[in-house]
Ligand SMILES: CC(C)(COP(=O)(O)OP(=O)(O)OC[C@H]1O[C@@H](n2cnc3c(N)ncnc32)[C@H](O)[C@@H]1OP(=O)(O)O)[C@@H](O)C(=O)NCCC(=O)NCCS
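Laid out in structure tokens, this is it:
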């Protein structure tokens, strides 16, 4: 069930009870402000139910983030494979519920995902694609040890700052 653990957090595979909490997260306008806005509830429900049937099916995915002290689900984080300029990159994704912001949690899980990416998945370069206005996300990438390489234009036209780091770090 558990994918990785840190001092204060753990990532584990999805269980059906997580679904309402993940729907709250992905429909929150503040959380999704720099991530394309609130998602459609029906689509979320359909996709999450499908994931719950075989939660470890995907090698690269977003997983429920749990605060160990409370046992609460506080986010959705993980690794996704993405085409960037014709190259497959591995992106670290951190999405936390508002009441969990400001505790250093994203940086903590981001660093652990870097270690996991290298040791478990054999990845030696990790990126973060950050919307220029998303200062908190950019700061997390910097705190993980990522460097700004360039600004890119995504296929849908959005501008992203490409942060990257080589592993092991
Ligand atoms: C981005 C996000 C994951 C950060 O989570 P977090 O656990 O609060 O992050 P951390 O506490 O590890 O670090 C945040 C850093 O950004 C800084 N920060 C936060 N908000 C900021 C702001 N508006 N302006 C400038 N810096 C800011 C914090 O001070 C901290 O830096 P510091 O440790 O040097 O003080 C969280 O805000 C979030 O989930 N946002 C919505 C989803 C999202 O946009 N995710 C990123 C796209 S993948």
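In this note's numbering, the protein residues as written are -18 to 150.
Just so you know, even glycine gets a beta-carbon here, dropped at the ideal spot from N, CA and C.
Does residue -7 come out as helix, strand or coil in the three-state DSSP assignment? In the chain shown, the residue the question calls residue -7 occupies position 12. Residue -7: strand per DSSP, three-state reduction.
Taking 7 Å as the cut-off, is the CB of residue 63 close to at least one heavy atom of ligand 1? Here residue 63 refers to the residue found at position 82 of the chain shown. Residue side-chain check: residue 63 keeps its Cβ at 7 Å or more from all non-hydrogen atoms of ligand 1.
Going straight from the alpha carbon of residue 11 to that of residue 86, what length do you get? For the purposes of this step, residue 11 is identified with residue 30 of the chain shown, where counting begins at 1. For the purposes of this step, residue 86 is identified with residue 105 of the chain shown, where counting begins at 1. Straight-line Cα distance between these residues: approximately 18 Å.
Any heavy atom of ligand 1 closer than 7 Å to the CB of residue 75? On the chain shown, residue 75 is found 94 positions in, with the first residue counted as 1. Residue side-chain check: residue 75 places its Cβ nearer than 7 Å to a non-hydrogen atom of ligand 1.
What would DSSP say about residue 56, mapped onto helix, strand or coil? Position 75 of the chain shown, counted from the first residue, corresponds to residue 56. Here residue 56 sits in strand by DSSP.
Is residue 141 near residue 132, with beta carbons less than 8 Å apart? Locating residue 141 in the chain shown gives position 160, where the first residue counts as 1. Locating residue 132 in the chain shown gives position 151, where the first residue counts as 1. At the C-beta level, residue 141 and residue 132 come within 8 Å of one another.
Is it a yes or a no for the region -12 to 3 touching the region 51 to 58, going by three-plus beta-carbon pairs under 8 Å? Enough Cβ pairs lie closer than 8 Å, so yes.
Identity of the residue in -14, 53, 110 nearest residue 127 by Cα: For the purposes of this step, residue 127 is taken as the residue at position 146 of the chain shown. Closest by C-alpha distance to residue 127, out of -14, 53, 110, is 110.
N- and C-terminal bounds of the alpha helix (DSSP H) containing residue 134: Residue mapping note: residue 134 aligns to position 153 of the chain shown, counting from 1. Taken as a continuous stretch (DSSP letters only), residue 134 belongs to no alpha helix (DSSP H), being part of the beta strand (DSSP E) at 128 to 134.
Just the C-alpha distance for residue -17 and residue 99, rounded to the nearest angstrom, thanks. One-based indexing of the chain shown puts residue -17 at position 2. One-based indexing of the chain shown puts residue 99 at position 118. The C-alpha of residue -17 lies about 17 Å from the C-alpha of residue 99.
For residue 86, is the beta carbon positioned less than 7 Å from some heavy atom of ligand 1? Residue 86 sits at position 105 when you count from the first residue of the chain shown. Relative to ligand 1, the nearest heavy atom lies less than 7 Å away from the CB of residue 86.
Touch test, the region 17 to 29 against the region 38 to 50, Cβ-Cβ under 8 Å, three pairs minimum: No, they do not touch.
Unbroken alpha helix (DSSP H) run spanning residue 32, endpoints: The sequence position of residue 32 within the chain shown is 51, counting from 1. Counting along the chain, the alpha helix (DSSP H) containing residue 32 begins and ends at 22 to 34.
C-beta atoms of residue 79 and residue -1 nearer than 8 Å: For the purposes of this step, residue 79 is taken as residue 98 along the chain shown, with counting starting at 1. For the purposes of this step, residue -1 is taken as residue 18 along the chain shown, with counting starting at 1. Between residue 79 and residue -1, the C-beta spacing is not below 8 Å.
Between which two residues does the beta strand (DSSP E) carrying residue -14 extend? Against the chain shown, residue -14 aligns to sequence position 5. Start and end: -17 to -14.
If I measure Cβ to Cβ from residue 7 and keep anything under 6 Å in the same chain, skipping five residues before and after, which residues do I get? Against the chain shown, residue 7 aligns to sequence position 26. Closer than 6 Å at Cβ, skipping near neighbours: 20, 25.
Use the C-beta contact count for residue 67: other C-beta atoms within 10 angstroms, 16 or more gives buried, fewer gives exposed. Position 86 of the chain shown, counted from the start, is the residue given in the question as residue 67. Exposure of residue 67 is indicated by the presence of fewer than 16 other C-beta atoms within 10 angstroms of its C-beta.
By the 10 Å Cβ neighbour count, where 16 or more other Cβ atoms means buried, how is residue 134 classified, buried or exposed? On the chain shown, position 153 is the one that residue 134 refers to. Taking a 10 Å sphere around the C-beta of residue 134, we find fewer than 16 other C-beta atoms and assign the residue as exposed.
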